[in-house]
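Asks:
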Amino acid sequence: MERFHHSIHLSIGLTCHTSGLSLPFVGQWSTERYRLDYYKQAVQWAELGCMDAVLLDGALLPSHLQETKGVDPVTLAAALTPTSKHIGLIPTLATAHYEPYFIARGLASLDHISKGRSGWLLHTPSLQAEVERSGELLSVTRKLWDSWKDGAVIIDKEAGIYARPELVQPINHHGTYFQVKGPLNVNRPLQGHPVIACGIAREEEFDTAIKHADWIVLHAADASMRQAHYTKLKQLAAANGRDPNQLRISQLIHIEEINNKASTHSMSNVFDGPFIGNMDNLLHAMIHAIDTKQADGFHFVFDHLHQHLPSLIEQLIPELQQRGLFRQSYSGRTLRQHLGLQRPAAIL
Amino acid sequence: MTTGNKMLHLNACSLGHDFGSVWRLPFTQPERSRDLNYLIELVQLAEKGKMDALFSADFYSVRDDVDSSPAPESEPLTLYSALAAATSHIGIVMSASTTYNDPYHLASTFASIDHLTEGRTGWNMVTTAVSSVAGNYSRSEHLDHDSRYELARKVVNQVRESWNRWEYPLPQKHPVAVQAGSSEAGKQFAAEYAEVIFAAQPLLAYAQNFYADVKTRVKRVGRNPDHVHILPGLVPIIAATHKEALELEQELNIYANLKNSTQAVSRLIDVDLTKLDPDIPIPHSILPQTSEVEGMRSRSQLVLDMIRDQNLTVRQLVSAGTHLRMVGSWNEVADQMTTWLEQRGADGFNVMFPYTPGGLEDVVEHLIPELQNRGIYRADYEGTTLRSHYQLPLPSDAALNR
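Protein chains in written order, with the working numbering: chain A, 12 to 359; chain B, 341 to 742.
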């Protein structure tokens with residue numbers, strides 16, 4: 012099919028924390044959510060459906076130690092690596108509580124142990140000071156990822172050379188918020204940089220997102236703006252010197268109930284609020300959104316995860332696959348490859 | 341003296357990381373040190389040996405010798421969360437600095453891992469001795485030794501209060517509290533807070549003093565000394581026979597760099613040993629009585645005492661390291677470990693494998709069965725939490741009501 016150069020992109024959201032979300036929290040928070048099996052099953056379903064990634068949301072807290080619940084997304088993502096093989100794992104981080112050195116280490120490690128399946132779900136702050144700090148944090152983190160150049164580790168037993176020191180350099184960052192000498196003590200991530208994803212709801216967040224994100228999940232409340240948003244973001248990418256084809260945009264779909272009733276759901280309001288309807292409504296709304304250039308893919312969140320995710324995998328995904336819209340098996344190894352994103356070269 | 345039913349506790353330290361120049365030997369696999377599948381094979385082997393816990397150190401800056409040393413390492417909170425998910429019983433002890441982490445981060449990470457592992461975690465509360473870390477963490481200077489311990493108290497209290505308020509209580513209430521510094525301030529902190537203490541004690545007589553000192557301090561603060569285990573680091577160099585073990589020891593030292601090691605130990609004790617003849621005893625006149633080194637003060641004092649006590653040459657000093665080494669047949673080393681347990685030098689050991697995977701295989705296949713035959717080591721896990729492996733109670737009501 013000429014229209015589609017590659018597969019659409021499908022992902023699910025697992026909320027491991029109930030407060031300060033970058034994407035809306037849905038469903039019941041129960042003690043079940045403290046158990047690894049709860050998440051493991053969901054990831055295994057999503058992987059069975061060849062989905063691109065699981066976004067682990069939550070834990071963006073305004074002040075430390077006040078919120079004492081939930082499961083840390085980075086920890087959880089790491090714990091999910093041994094029981095998954097292909098799917099991307101994208102945790103969020105409460106960036107206010109971390110120095111870039113830790114974030115760079117933690118995510119680089121996650122990328123190594125997952126063999127290139129990691130990402131970072133970035134929070135787009137609203138206050139100007141937070142925007143500046145967050146921008147600097149991300150830029151320092153990228154420099155740290157690049158402080159070990161590709162090919163630095165050679166492990167030559169004969170010569171006794173483990174790494175080439177000329178390819179391991181300090182970053183000497185002196186900024187407004189951070190002073191970081193470097194280099195990092197973890198090798199460059201397999202993907203170069205983990206995939207940076209970002210959930211946004213308002214136009215004011217576009218500028219920040221376009222500077223940093225490889226992948227944007229839109230959850231615009233305003234239906235009429237949806238197509239405009241997609242087009243505007245791609246234009247903004249070009250205006251910022253980026254290749255618009257290297258930016259992925261997904262629409263959020265909040266699944267409240269999937270039933271067999273004949274429904275009057277219109278194509279556009281699938282994305283507007285909690286979706287209640289049959290699989291056909293959903294399928295055609297998604298195809299319509301692709302055809303009318305509203306999205307490169309879809310991100311699902313669920314009220315009843317373990318009930319509705321299997322339905323999507325068993326009923327919706329085969330339909331998309333038959334139409335040639337979605338991959339039938341994983342062709343790439345890394346998350347960047349699933350998303351059709353290039354591996355970034357190291358900044359010198 | 342008999343041990344009664346006193347049981348030996350064993351941790352597997354830094355699996356997959358070969359210390360020093362050992363990575364160059366043909367039977368190591370440094371290229372797999374970041375391969376999760378390889379590390380899972382290792383930790384599952386440690387679990388087959390019914391070891392109490394995996395133990396990971398942590399570093400917040402790059403090593404000086406990236407050219408010749410197996411670095412960089414994975415970040416342990418991330419790596420060990422993955423390893424925990426690939427095991428079912430063995431405990432997971434992770435080091436995390438009270439100086440360079442936000443209490444929010446520490447509380448939420450350890451609460452999460454304790455939940456996800458259903459009660460198998462421990463926190464090694466380190467204060468970070470390496471001063472170069474400050475430059476990576478936006479700090480103008482590294483805190484001095486005593487200030488770091490003052491801060492550690494504050495941070496640990498905050499973290500515990502946060503766990504006490506957790507919406508759904510942690511399976512172990514608090515992850516097992518582990519500590520690893522043996523300076524005066526370190527020992528006092530350990531007596532007040534720690535349930536497991538990791539120490540560098542290469543000499544039985546010194547270890548006995550340390551053991552008695554810490555247990556007395558524990559009693560003095562009103563805690564039960566049986567609920568605090570002291571686990572010195574142990575490098576077991578073992579083989580079927582004594583002779584083969586000696587040959588293995590020699591082989592492990594083939595690539596040791598006398599110059600680099602001498603520089604490292606000179607830095608540690610702040611005395612230049614590089615100009616001395618490596619084969620004559622180090623003159624005691626050049627050594628300070630008491631170490632004034634900021635950072636690793638307890639390690640530095642120990643090395644000074646070792647040199648004086650054993651009249652060591654530079655070569656002997658650098659090949660011994662600062663951790664206990666036991667070289668011999670499986671049977672002999674099991675006997676030595678029993679002696680340390682009976683004579684109150686240790687409640688167990690933090691085992692640092694001289695090389696992997698073979699050094700771990702030998703421990704699990706040969707040394708541990710010897711310990712089991714002596715009735716001082718479990719035949720199987722009796723519970724599923726780290727507290728049950730260590731035979732530690734839940735935290736006191738007082739600690740839980742803070």
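Ideal Cβ placement from N, Cα and C applies to all residues, glycine included.
For clarity, every value in this text was computed on a predicted model and none was experimentally measured.
Check whether the region 600 to 611 of chain B and the region 502 to 511 of chain B touch, using three or more Cβ-Cβ pairs below 8 Å as the test.
Replies: no
Asks: Report whether the distance from the Cβ of Ser-659 (chain B) to the nearest heavy atom of the ligand PLP is below 8 Å.
Replies: Of the ligands one can find in the structure shown there are none, so the ligand PLP has no counterpart to examine.
Asks: Taking Cβ to Cβ, would you say His-729 (chain B) is nearer than 9 Å to Met-692 (chain B)?
Replies: no
Asks: Listed in chain order, which residues of the region 366 to 381 of chain B have Cβ atoms closer than 7 Å to some Cβ of chain A?
Replies: Correct list: Pro-370, Glu-371, Arg-374, Leu-376, Ile-380.
Asks: Out of curiosity, what's the CA-to-CA distance linking Gln-190 (chain A) and His-184 (chain A)?
Replies: 5 Å
Asks: How big is the Cα-Cα spacing for Val-536 (chain B) and Leu-394 (chain B)?
Replies: Going from the Cα of Val-536 (chain B) to the Cα of Leu-394 (chain B) covers about 13 Å.
Asks: Classify Ala-107 (chain A): buried if its beta carbon has 16 or more other beta carbons within 10 angstroms, exposed otherwise.
Replies: Flag for Ala-107 (chain A) reads buried.
Asks: Under 7 Å Cβ-Cβ, which residues of chain A neighbour Thr-756 (chain B)?
Replies: The question about residue 756 (chain B) has no answer, for chain B in this structure spans 341 to 742.
Asks: What first and last residue would you give for the beta strand (DSSP E) that runs through Ser-471 (chain B)?
Replies: Here Ser-471 (chain B) belongs to no beta strand (DSSP E), and DSSP marks it neither H nor E.
Asks: Which complete alpha helix (DSSP H) runs does the region 621 to 676 of chain B hold, if anything under 4 residues is left out?
Replies: 637 to 650, 654 to 660
Asks: Counting contacts by CB-CB distance shorter than 9 Å, is Leu-456 (chain B) in contact with chain A?
Replies: yes
Asks: Using CA atoms only, rank isn't needed, just tell me which of A:Val-82, A:Asn-292, A:Val-312, A:Pro-205 is closest to Gln-326 (chain A).
Replies: A:Asn-292
Asks: Once DSSP output is grouped into helix, strand and coil, what is the label at Val-402 (chain B)?
Replies: coil
Asks: Under 9 Å, Cβ to Cβ, is there at least one residue of chain A near Ser-752 (chain B)?
Replies: For chain B, the structure presents residues 341 to 742; residue 752 (chain B) sits outside this window and is missing.
Asks: Please report how far the alpha carbon of Ala-474 (chain B) lies from the alpha carbon of Asp-484 (chain B), in whole angstroms.
Replies: 12 Å
Asks: Pull up the DSSP beta-bridge partners for Trp-131 (chain A), would you.
Replies: Its beta-bridge partners are A:Ile-207.
Asks: Tell me whether Leu-734 (chain B) is buried or exposed, calling it buried when 16 or more other Cβ atoms sit within 10 Å of its Cβ.
Replies: exposed
Asks: How about Phe-282 (chain A) and Gln-262 (chain A): do their beta carbons lie closer than 9 Å?
Replies: yes
Asks: Between Pro-205 (chain A) and Leu-148 (chain A), is the Cβ-Cβ spacing less than 9 Å?
Replies: no
Asks: Report the three-state DSSP secondary structure of Glu-305 (chain B) (helix, strand or coil).
Replies: Because chain B is modelled from 341 through 742, residue 305 (chain B) falls outside the range shown and cannot be assessed.
Asks: Between the region 485 to 517 of chain B and chain D, which residues of the former have a C-beta closer than 7 Å to a C-beta of the latter?
Replies: Among the chains of the structure shown, chain D does not appear; the protein chains present are A and B.
Asks: Quick check on Asp-314 (chain A): does DSSP put it in helix, strand or coil?
Replies: coil
Asks: Between which two residues does the beta strand (DSSP E) harbouring Ala-57 (chain A) extend?
Replies: Careful: Ala-57 (chain A) lies outside any beta strand (DSSP E), inside the alpha helix (DSSP H) at 47 to 59.
Asks: Check whether chain A comes within 9 Å of Val-415 (chain B), counting only Cβ atoms and requiring the distance to be less than that.
Replies: Note on residue identity: the sequence assigns Glu, not Val, to residue 415 (chain B). Closer than 9 Å to some Cβ of chain A, the Cβ of Glu-415 (chain B) qualifies, so yes.
Asks: For Glu-331 (chain B), count the other beta carbons within 10 Å of its own beta carbon; 16 or more makes it buried, fewer makes it exposed. Which is it?
Replies: Summary: the structure shown does not reach residue 331 (chain B), with chain B confined to residues 341 through 742, and so no result is reported for it.
Asks: Compare the C-beta of Val-206 (chain A) with all C-beta atoms of chain B and state if any pair is closer than 9 Å.
Replies: no
Asks: Alpha carbon to alpha carbon, what distance is there between Val-142 (chain A) and Leu-72 (chain A)?
Replies: Residue confidence for Leu-72 (chain A) is low, a pLDDT of 34 falling below 50, so the modelled location carries little weight and cannot support an answer.
Asks: Quick check on the DSSP output: the alpha helix (DSSP H) that includes Tyr-188 (chain A) runs from which residue to which?
Replies: Unbroken run through Tyr-188 (chain A): none, as it is neither H nor E.
Asks: Mind checking whether Thr-92 (chain A) and Leu-118 (chain A) have CB atoms under 9 Å apart?
Replies: no
Asks: DSSP has Phe-689 (chain B) in a bridge; who is on the other side?
Replies: Paired residues: B:Leu-350.
Asks: Is it buried or exposed for Asn-377 (chain B), if we count other Cβ within 10 angstroms and need 16 for buried?
Replies: Classification for Asn-377 (chain B): exposed.
Asks: Tell me whether Phe-395 (chain B) sits in a helix, a strand or coil according to DSSP, three-state version.
Replies: strand
Asks: Checking contacts by CB at 9 Å: is Pro-136 (chain A) closer than that to chain B?
Replies: no
Asks: Is Ser-125 (chain A) close to chain B, meaning its C-beta is less than 9 Å from at least one C-beta of that chain?
Replies: yes
Asks: Comparing the C-beta of Phe-217 (chain A) with each C-beta of chain B, is any distance below 9 Å?
Replies: no
Asks: Would you say the region 629 to 638 of chain B touches the region 512 to 524 of chain B, given that touching needs at least three Cβ pairs under 8 Å?
Replies: yes
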